[in-house]
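In my numbering, the protein residues as written are 175 to 488.
This report refers to the structure that appears directly beneath it.
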């Protein structure tokens, strides 16, 4: 099997394929917060944040070795490190710490600002120029979710410090998403996240070992918490990015990132089903509003981008 074997395909035009891939990534990412809450029942937050990256990094080493993928070169080292600081260190660490003092449902709503943050950074970084209708739709969707944060369903479990940590996580992830999408023009998205994890292995492995040896935790690992940790490592930290970076590249960062407006709603659903957290009628109203905004953003036609920044051909 060659490295090209991980090229993910989806039906339709290149942009539509990109949106399908982005949606697949969003579905996989939507389990991250609930599973982090479950993992916290048996593991220290530092071990969860760094351990999942260490596990994924070891798997990435094996995948790259089996497929005989060559190191992309010294020029890629710096971008890989910065991407890792955003999606491998920043987002997992900040969200895991925050989830010790807030609910998964509340965190999902606070993180709803991620699509608009990604779109803004994407415009600044890649030169995309979405029309006004796109921005109206994106802001409307974010406002709807922000309003929901103050509703009975979303505000329960809120904490100021936790919210600040979650906002930091939003900025970290948005930066990593944009830089990863840019680098995916030089190599497939699955290689981007693989090399990111490999480059940061010394940090993630060392931190994980230190947390195991030195951190005194009353938490006792269980089958449930261990399964949650493995999901975070293999899916949230690795496989999910295969589809996500490919989707950002094919559909464009600004447009594909808005599919992530669905992630908080999916996370709310999993929070109810897996954690027993409660949401009210306003959740349904927010869901309808956000779904409408997602459709709106996808119907808004983006103006052409420079040829070297356009999505790849089918």
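Even for Gly, the Cβ is constructed at its ideal location relative to N, Cα and C.
Just so we're clear, the structure is a prediction, and the values are computed from it rather than from any experiment.
### Classification of residue 209 by the beta-carbon crowding that lies within 10 angstroms, buried from 16 upward
buried
#### Entry: Nearest neighbour of residue 441, chosen from 196, 205, 194, 191 [CA to CA]
205
### Task
Could you tell me the distance, in whole angstroms, from the CA atom of residue 446 to the CA atom of residue 254?
So the two alpha carbons sit approximately 36 Å from each other.
### Query
Taking contact to mean at least 3 C-beta pairs separated by less than 8 Å, is the region 411–426 in contact with the region 360–378?
Counting Cβ pairs under 8 Å, three or more are found: they touch.
#### Entry: Residue burial classification, residue 451 (beta-carbon count within 10 angstroms, cutoff 16)
buried
#### Entry: Reduced DSSP secondary structure (H/G/I, E/B, other) of residue 309
helix
#### Entry: Neighbour-count burial assignment, residue 266, 16 or more Cβ in a 10 Å radius
buried
### Query
Would residue 192 pass as a contact of residue 393 if the rule is Cβ separation under 8 Å?
no
### Task
Identify which residue in 460, 403, 242, 422 has its Cα closest to the Cα of residue 213.
403
#### Entry: Whole-angstrom distance between residue 471 and residue 353, CA atom to CA atom
22 Å
### Query
Under the three-state reduction of DSSP, which class applies to residue 240: helix, strand or coil?
helix
### Query
In angstroms, rounded to a whole number, what distance separates the CA positions of residue 298 and residue 289?
14 Å
### Task
Please determine, among 305, 245, 226, the residue with the shortest C-alpha to C-alpha distance to residue 400.
226
### Query
What does a CB cutoff of less than 7 Å around residue 382 pick up in its chain, not counting 5 residues either side in sequence?
221, 224, 225, 228
### Task
Compare the beta carbon distance of residue 282 and residue 438 with 8 Å and say whether it is the shorter of the two.
The answer is yes: Cβ separation under 8 Å.
### Task
Starting from the C-beta of residue 189, find all residues in its chain whose C-beta is less than 6 Å away, skip the five residues before and the five after it, and write them out in chain order.
Shown here for residue 189: same chain residues with a beta carbon closer than 6 Å to its own, the five before and five after excluded, namely 425 in chain order.
### Task
Tell me whether residue 278 is buried or exposed, calling it buried when 16 or more other Cβ atoms sit within 10 Å of its Cβ.
buried
### Message
Tell me which residue opens and which closes the alpha helix (DSSP H) that residue 365 is part of.
### Response
363–373
### Sequence ranges, alpha helix (DSSP H) only - wholly within the region 394–438, length at least 4
Complete alpha helix (DSSP H) runs here, min 4: 397–405, 414–425, 427–431.
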